[in-house]
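Everything in the sequence shown is counted per my numbering, starting at 33 for the first residue and increasing by one. Virtual Cβ for every residue (Gly too), placed ideally from N, Cα, C.
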Amino acid sequence: MANHILKPLVDNLLTVAIALVLALFIRTFLVQTFWIPSGSMLDTLWVDDHLLVSKCAYDVRLPSDIRLDTTDGKVLMKTGDPERGDIVVFKFPEDETKDFIKRVIGLPGETLEVRDKVVYINGRPLEEPYARHTKSDTLPVRDNFGPVVIPPDRYFVMGDNREGSYDSRWWGPVKRSKIVGKALLIYWSWGSLTDIRFDRIGTLLN
């Protein structure tokens with residue numbers, strides 16, 4: 033009789049344990065959720081969009097709290113490099129307890145310049161259909177920047193909402209090792225309990 037009572041209990045506990053291990057594995061190595069708190073990526077990303085971020089798009093690495101040969105976690109396998117146009121989540125250089133999200137604009141070794149709000153890569157204007165400009169005034173640094181050569185292993189990132197983004201124009205390119213992952217899709221979006229943006233749910237990001 034005891035076996036008939038204990039077996040279902042053990043099975044249920046085992047199922048829960050396996051589910052927790054799988055969830056931890058996915059959260060650690062594969063996918064992370066991210067919430068948009070500001071308008072720096074408008075119109076691509078809205079405040080209160082919720083994203084799925086691939087943590088293995090560029091590297092498969094141990095978590096940063098498992099410190100081996102680097103402070104950012106040991107890279108187990110390199111799966112690719114960030115490309116221009118990728119929307120990436122990274123550790124904010126001025127406070128690494130915070131995650132930021134921006135778009136990759138400049139790659140290692142390239143010369144980047146901003147002239148009157150237009151981005152130039154190696155002297156050629158960059159076509160940016162995603163960029164949003166909301167102000168006609170000109171602000172040094174924000175609208176005229178560089179030219180600078182992006183160092184090896186670093187990426188110049190900018191928000192799509194150019195007049196409302198605090199990005200590499202102020203604090204420099206992001207180290208590759210600080211990039212957490214690539215944003216994949218919007219899995220949830222709402223402005224309030226009565227304002228669920230169903231048309232944005234499931235949107236793939238590019």
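Determine which residues share a DSSP beta bridge with residue i and list them.
i           : result
residue 82  : 67 and 220
residue 227 : 224
residue 109 : 92
residue 190 : 135
Look at the alpha carbon of residue i and the alpha carbon of residue j, and state the distance between them as a whole number of angstroms.
i           : j           : result
residue 93  : residue 190 : 25 Å
residue 171 : residue 235 : 33 Å
residue 163 : residue 178 : 19 Å
residue 102 : residue 141 : Because residue 102 sits at a pLDDT of 39, beneath the cut-off of 50, its placement in the model cannot be relied upon, and the following sentence gives the value as read from the coordinates. Taking the straight line from one Cα to the other gives about 24 Å.
residue 106 : residue 135 : 25 Å
residue 32  : residue 210 : Lying before the first or after the last residue shown, residue 32 is absent from the chain, which here runs from 33 to 238.
residue 152 : residue 146 : 6 Å
residue 154 : residue 188 : 13 Å
residue 63  : residue 89  : 10 Å
Within the same chain, show all residues whose beta-carbon is closer than 7 Å to that of residue i, passing over the 5 residues directly before and after it, in chain order.
i           : result
residue 220 : 82 and 233
residue 203 : 125 and 126
residue 57  : Low confidence applies to residue 57: its pLDDT is 41, below 50, so where it sits in the model is not reliable, and the reading given next is rough at best. Correct list: empty, nothing qualifies.
Using a Cβ-Cβ cutoff of less than 8 Å, which residues in the same chain neighbour residue i once the five nearest sequence positions on both sides are dropped?
i           : result
residue 131 : 66, 121, 122, 123, 124 and 212
residue 68  : 77, 78, 79, 80, 81, 82, 83 and 133
On the CB-based measure, 16 or more other CB atoms within 10 Å of its CB, does residue i come out buried or exposed?
i           : result
residue 225 : exposed
residue 76  : buried
residue 110 : exposed
residue 184 : exposed
residue 108 : exposed
residue 200 : buried
residue 97  : Note that residue 97 scores 43 on pLDDT, short of 50, meaning its location in the model is unreliable and no value can be drawn from it.
residue 91  : buried
residue 181 : exposed
residue 228 : exposed
Who are the Cβ neighbours of residue i in its own chain at under 6 Å, not counting the five residues just before and after it?
i           : result
residue 72  : 191, 193, 196 and 197
residue 173 : 201
When every heavy atom of the ligand SAM is checked, does at least one fall within less than 7 Å of the C-beta of residue i?
i           : result
residue 203 : Absent from the structure shown: the ligand SAM. Ligands present: none.
Cβ contact check for the region 201 to 218 and the region 114 to 124: 3 or more pairs under 8 Å: yes
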